[in-house]
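A short write-up of the structure that comes next.
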Amino acid sequence: MPNSGVEVLFEGSNFERLLGGLLVTIEIAFISIMIGTILGVVMGLLRTVPTRSLRLLLRLYLEAFRIIPILVWLYVVHFSFSPLLHIDISGETTAILVFSLWGAAEIGDIVRGALESMPKHQAESGKALGLSKGQLYRYVLIPQAVRRMLPGAINLATRMVKTTSLVVLIGVIDVVKVGQQIIELGVIKAPNASFWVYGLIFILYFLVCYPLSVLSRKYERRWQS
Amino acid sequence: MSLDWTFIADSLPLYLDAMWLTVELALIAIIVSMIIGLLFSLVLFYRIKYLSGFIVGYVELSRNTPLLVQLFFLYYGLPKIGLHLSEFDCAAIGLVFLGGSYMTEAFRSGIEAVSSSQLESGLSIGLSKVQLVRYVILPQAFAISIPSLGANAIFLLKETSIVGAIALMDLMNVAKDLIGMSYKTAESLILLVLAYLVLVLPLSLVLTWLERRVRHAEFGG
Chain E
1 MPNSGVEVLF
11 EGSNFERLLG
21 GLLVTIEIAF
31 ISIMIGTILG
41 VVMGLLRTVP
51 TRSLRLLLRL
61 YLEAFRIIPI
71 LVWLYVVHFS
81 FSPLLHIDIS
91 GETTAILVFS
101 LWGAAEIGDI
111 VRGALESMPK
121 HQAESGKALG
131 LSKGQLYRYV
141 LIPQAVRRML
151 PGAINLATRM
161 VKTTSLVVLI
171 GVIDVVKVGQ
181 QIIELGVIKA
191 PNASFWVYGL
201 IFILYFLVCY
211 PLSVLSRKYE
221 RRWQS
Chain P
1 MSLDWTFIAD
11 SLPLYLDAMW
21 LTVELALIAI
31 IVSMIIGLLF
41 SLVLFYRIKY
51 LSGFIVGYVE
61 LSRNTPLLVQ
71 LFFLYYGLPK
81 IGLHLSEFDC
91 AAIGLVFLGG
101 SYMTEAFRSG
111 IEAVSSSQLE
121 SGLSIGLSKV
131 QLVRYVILPQ
141 AFAISIPSLG
151 ANAIFLLKET
161 SIVGAIALMD
171 LMNVAKDLIG
181 MSYKTAESLI
191 LLVLAYLVLV
201 LPLSLVLTWL
211 ERRVRHAEFG
221 G
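Chains as they are written, first to last, in full-length UniProt numbering: chain E, 1 to 225; chain P, 1 to 221.
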């Protein structure tokens, strides 16, 4: 049993560096969720329009992310942009691009679901009360839609944070990469480092994702109609 | 840009081998984690002391950490405390560790969705707790759970794309190596996407169909 070796986590600035690496992944997830939400709301609204071909196209777009793994899309962008399109983009940009497009598809589906599940009488009652179109959206439709969307959106955020761990495979210096560097550097002095480093990374991810899961469940229970 | 068809034909066997590995891993992951999920959800239903607490903890830990980190811990971390596992075993264990919690949740919510009047009716005609589970709860819970069990199966099949990170020659690594050796980027990536399409699309279509079928099995539905 490695009753020693845990010190490697606190040697020099190792701990801070690991946290810094974690921040890189969280940043990628955060930016992607922001962009994905903006695009996704538009996409969700478009998925409720009467134009069949547009709805089908957006449905196919969503299915592309549901059927092909995200790592495959990361590889496709990572390997094809510079040799085929002659555009050099960094690992971070690749990740943000792929995660934003994925987020847009999923948020779009959540928005569509919320809009379609809204009982018709809500809008009709609002109109009957004499609300203007702006008031109808501001006081009746949007608050209810947000309630229906929030648990799913937080859930997606958790999934996205977990999936950002894949960015190490396209060369981003994230928490896993920093961990690998620490392990390689201490290969003689701290041969058991990989147990502690990966153990810590495991716990760090849990500490980020668990509160999000709890939050999502709380809203789900509170707003179950 | 035109595609090199000879290259595609030559590298097809490599992709087929890797697809087989993916299918193997996914089947193990799906079947074993469904068994675990069923057992664990029953433990939660019976509220078995200590064991329930342990399962709740496991579910949270498994669902809130990425598979990649779980795999790295199994593959690079555990040998340091004397536990050596092959790449394939690590991948299988990692996928089961991940899938077990998702399947537990799927079965649990299915069991919870069986209406309480069903339970009460069962008890009032004198069924034992085991009979109640066997004849009343499980048949209905299973029907209710099918959509989420199916979604989990697809999820696990897609998650196998990560096992290349611990040096298994899976589809991702086949594509990566071919790009590195031959610079046939477009061909390699197209084959990669097609391989996953062939693997996942049929399952996805079968489940959509199945979902519609089992809706008839629900009580009062």
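A virtual CB, placed ideally from N, CA and C, is assigned to each residue, including glycine.
Could you please give the first and the last residue of the uninterrupted alpha helix (DSSP H) stretch that includes residue i?
| i | result |
| --- | --- |
| M118(E) | Unbroken run through M118(E): none, as it is neither H nor E. |
| D10(P) | 5-46 |
| Y196(P) | 185-214 |
| L215(E) | 193-222 |
| I142(E) | 142-163 |
| L46(E) | 14-46 |
| F65(E) | 52-67 |
| N152(P) | 138-159 |
| T104(P) | 87-113 |
| K177(E) | 175-185 |
| H78(E) | 70-85 |
| S90(E) | S90(E) -> no alpha helix (DSSP H), and no H or E assigned at all. |
| I173(P) | A quick correction: the sequence has Asn, not Ile, at residue 173(P). Residues 171-182. |
| F72(P) | 67-72 |
| E60(P) | 51-63 |
Measure how close the beta-carbons of residue i and residue j come, nearest whole angstrom, since I'm counting them as under 8 Å.
| i | j | result |
| --- | --- | --- |
| V161(E) | V168(E) | In fact, because the Cβ distance is near 14 Å, the residues do not count as touching under 8 Å. |
| I68(E) | L197(P) | 7 Å |
| G40(E) | G108(E) | 4 Å |
| E187(P) | F7(P) | 5 Å |
| Y30(P) | A153(P) | One detail in the question is off: residue 30(P) reads as Ile in this sequence, not Tyr. Right, their Cβ atoms sit about 5 Å apart. |
| V140(E) | L131(E) | 7 Å |
| G150(P) | L207(P) | 4 Å |
| V208(E) | I26(E) | 7 Å |
| G122(P) | I144(P) | No, G122(P) and I144(P) are not in contact; Cβ-Cβ is about 16 Å, not under 8 Å. |
Only counting the same chain, and skipping five residues up and downstream in sequence, which positions put a Cβ closer than 8 Å to that of residue i?
| i | result |
| --- | --- |
| A157(E) | A29, I33, L212 |
| G103(E) | S32, I33, I35, G36, T37, L39, G40, L156, M160 |
| L38(P) | M103, F107 |
| E92(E) | V24, I28, V167, V172 |
Might you give, ordered along the chain, the residues of its own chain that have their beta carbon closer than 6 Å to the beta carbon of residue i, omitting 5 neighbours on each side?
| i | result |
| --- | --- |
| F206(E) | none |
| S148(E) | Going by the sequence as given, residue 148(E) is Arg instead of Ser. Here the set comprises A114. |
| S100(E) | S32, I35, G36 |
| T185(P) | I179 |
By Cβ distance, which residues of its chain are closer than 7 Å to residue i, with the 5 residues on each side in sequence left out?
| i | result |
| --- | --- |
| P2(E) | Confidence at P2(E) is low in this model, with a pLDDT of 45, below 50, so its placement is unreliable and no value can be given for it. |
| L98(P) | S62, L67, Q70, E159 |
| A18(P) | M169, D170, L171, V174 |
| Y15(P) | L171, V174, L191, A195 |
| I183(E) | A193, S194, V197 |
| Y58(P) | S101 |
| S52(P) | V43, L44 |
Starting from the beta carbon of residue i, find every residue of chain B whose beta carbon is closer than 7 Å, and list them in chain order.
| i | result |
| --- | --- |
| V172(E) | The displayed structure is made up of protein chains E and P, and chain B is not among them. |
Can you give me, in chain order, the residues of the stretch 45-66 of chain P that have a beta carbon less than 9 Å from any beta carbon in chain E?
Shown in chain order are the members of the stretch 45-66 of chain P whose Cβ falls below 9 Å from a Cβ of chain E: E60, L61, R63, N64, T65, P66.
Please list, in chain order, the residues of the stretch 200-217 of chain P that have any C-beta partner in chain E closer than 7 Å.
Across the stretch 200-217 of chain P, CB contacts with chain E closer than 7 Å involve V200, L201, S204, in sequence order along the chain.
Mind listing which residues of the stretch 191-212 of chain E have their C-beta closer than 7 Å to chain P's C-betas, in chain order?
Within the stretch 191-212 of chain E, the qualifying residues are N192, S194, F195, Y198, G199, I201, F202, Y205, F206, C209, Y210.
May I ask you to list, following chain order, the residues of the stretch 52-77 of chain E that have a beta carbon less than 7 Å from some beta carbon of chain P?
Residues of the stretch 52-77 of chain E with a C-beta atom less than 7 Å from some C-beta of chain P are I67, I68, P69, L71, V72, Y75, V76, listed in chain order.
Within the chosen definition, does the stretch 165-184 of chain P reach the stretch 88-103 of chain P through at least 3 CB pairs nearer than 8 Å?
The count of Cβ pairs closer than 8 Å, one atom from the stretch 165-184 of chain P and one from the stretch 88-103 of chain P, reaches three, so the stretches are in contact.
I'd like to know if the stretch 108-117 of chain P and the stretch 77-85 of chain P are in contact, where contact means that at least 3 CB-CB pairs between them fall below 8 Å.
The answer is no - the stretch 77-85 of chain P does not touch the stretch 108-117 of chain P, with fewer than three Cβ pairs under 8 Å.
Selection of the stretch 78-89 of chain E by Cβ proximity to chain P, strictly under 9 Å:
Within the stretch 78-89 of chain E, those residues whose Cβ lies closer than 9 Å to any Cβ of chain P are, in chain order, F79, S80, P83, L84.
Using 8 Å as the threshold, is the stretch 58-65 of chain E in touch with the stretch 128-148 of chain E, meaning 3 or more CB pairs across them?
Contact annotation: the stretch 58-65 of chain E does not touch the stretch 128-148 of chain E, with fewer than three C-beta pairs closer than 8 Å.
Could you tell me whether the stretch 175-189 of chain P touches the stretch 154-163 of chain P, using the rule of 3 or more Cβ pairs below 8 Å?
Segments in contact, no.
Can we say the stretch 65-76 of chain P touches the stretch 131-142 of chain P, given the rule of at least three CB pairs closer than 8 Å?
No: fewer than three Cβ pairs fall under 8 Å.
Is the stretch 190-207 of chain E touching the stretch 17-24 of chain P, taking contact as three or more C-beta pairs under 8 Å?
As far as the Cβ criterion goes, the stretch 190-207 of chain E does not touch the stretch 17-24 of chain P, which means the pair count is below three.
May I ask you to list, following chain order, the residues of the stretch 145-169 of chain E that have a beta carbon less than 9 Å from some beta carbon of chain P?
Answer in chain order: T158, V161, K162, T163, T164, S165, L166, V168, L169.
Where the stretch 159-186 of chain P meets chain E: residues whose CB sits under 9 Å from a CB there
So the close ones are E159, T160, S161, I162, G164, A165, L171, M172, A175, K176, I179, Y183, T185, A186.
State whether the stretch 123-133 of chain E contacts the stretch 171-186 of chain E, with contact taken as three or more CB pairs (one from each stretch) at a distance under 8 Å.
Flag = no, the stretch 123-133 of chain E and the stretch 171-186 of chain E do not touch.
Under 7 Å, CB to CB, which of the residues in the stretch 80-106 of chain P have a partner in chain E?
For the stretch 80-106 of chain P, which is checked against every Cβ of chain E, the residues closer than 7 Å are K80, I81.
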